[in-house]
Amino acid sequence: MDLIAYSQHYRTRTPERRLASDESLRHNLNHPGISRVVLFCESDATPVPEGTVPSEVVTSDERITTAKWFRWVKRQDSSIGLLLNSDIALDEGLERLDDSFITPEALPALTPISNQPKKQSCGANPLRSR
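Its first residue numbered 27, the sequence shown is counted upward by one per residue in the working numbering.
Dropping the structure here:
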């Protein structure tokens, strides 16, 4: 089953946040398990890096809401739609995501795990499903 990742690319308040967001975006745009990326970009965001995954850039100065994401996902055929925070980089194990979507009502959430919440780093935190 195809996996379509939806995320945002926007201006950030700090250079550290920009670095974490850009690193995750570059990683996801080159992830072999992702079929396509739909990126909601603010008009004054930094340029979107090149990647190996086909991507669609939607210019929008509004942050994506869950309702807006659901409207986009409903347009898909039989793909998995995954809404990602801009600082989430998907890694190994993504191919097992098909097992989580055995019913149409399944909606797992991937969140970062941190043993040191005040010192989170998007590259060092594994993900878990809730």
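We put the CB at the ideal spot given by N, CA and C, even for glycine.
For Phe-66, does the count of other Cβ atoms within 10 angstroms reach 16, so buried, or fall short, so exposed?
-> Phe-66 should be labelled buried.
Determine contact between the segment 102-120 and the segment 69-76, defined as no fewer than three beta-carbon pairs at a distance below 8 Å.
-> The segment 102-120 makes no contact with the segment 69-76: fewer than 3 CB pairs, one atom from each, lie closer than 8 Å.
Over the uninterrupted beta strand (DSSP E) stretch that includes Val-83, give me the two end residues.
-> Here the beta strand (DSSP E) through Val-83 covers 81-85.
Determine the direct distance from the alpha carbon of Val-63 to that of Leu-51, and round the result to whole angstroms.
-> Going from the Cα of Leu-51 to the Cα of Val-63 covers about 10 Å.
Evaluate the contact criterion for the segment 90-102 versus the segment 30-49: three or more CB pairs, one atom per stretch, below 8 Å.
-> Yes, they touch.
Please list, in chain order, all residues of the same chain as Asp-113 whose beta carbon is under 6 Å from its beta carbon, the five residues on each side excluded.
-> Only Ala-46, Ser-47, Ser-50 and Cys-148 meet the Cβ criterion.
CA-CA distance, Tyr-36 and Asn-111?
-> Looking at the two C-alpha atoms, the distance is approximately 11 Å.
Boundaries of the alpha helix (DSSP H) in which Val-99 is found, first to last residue = Note, Val-99: alpha helix (DSSP H), 92-100.
Fully enclosed by the segment 34-79, which alpha helix (DSSP H) runs are 4 residues long or longer?
-> Secondary structure within the segment 34-79: the alpha helix (DSSP H) runs of 4 or more consecutive residues, fully enclosed, are 41-54 (chain order).
With Ile-106 as the anchor, note down where its beta strand (DSSP E) starts and where it stops.
-> Per DSSP, Ile-106 belongs to the beta strand (DSSP E) from 106-109.
Can you list, in chain order, the residues of its chain whose CB lies under 7 Å from that of Met-27, leaving out five sequence neighbours each side?
-> Excluding sequence neighbours, Met-27 sits near Ser-104, Ser-105, Ile-106 and Asp-124.
If you check the beta carbons only, do Asp-87 and Glu-68 fall under 8 Å apart?
-> In contact: Asp-87 and Glu-68 (Cβ atoms closer than 8 Å).
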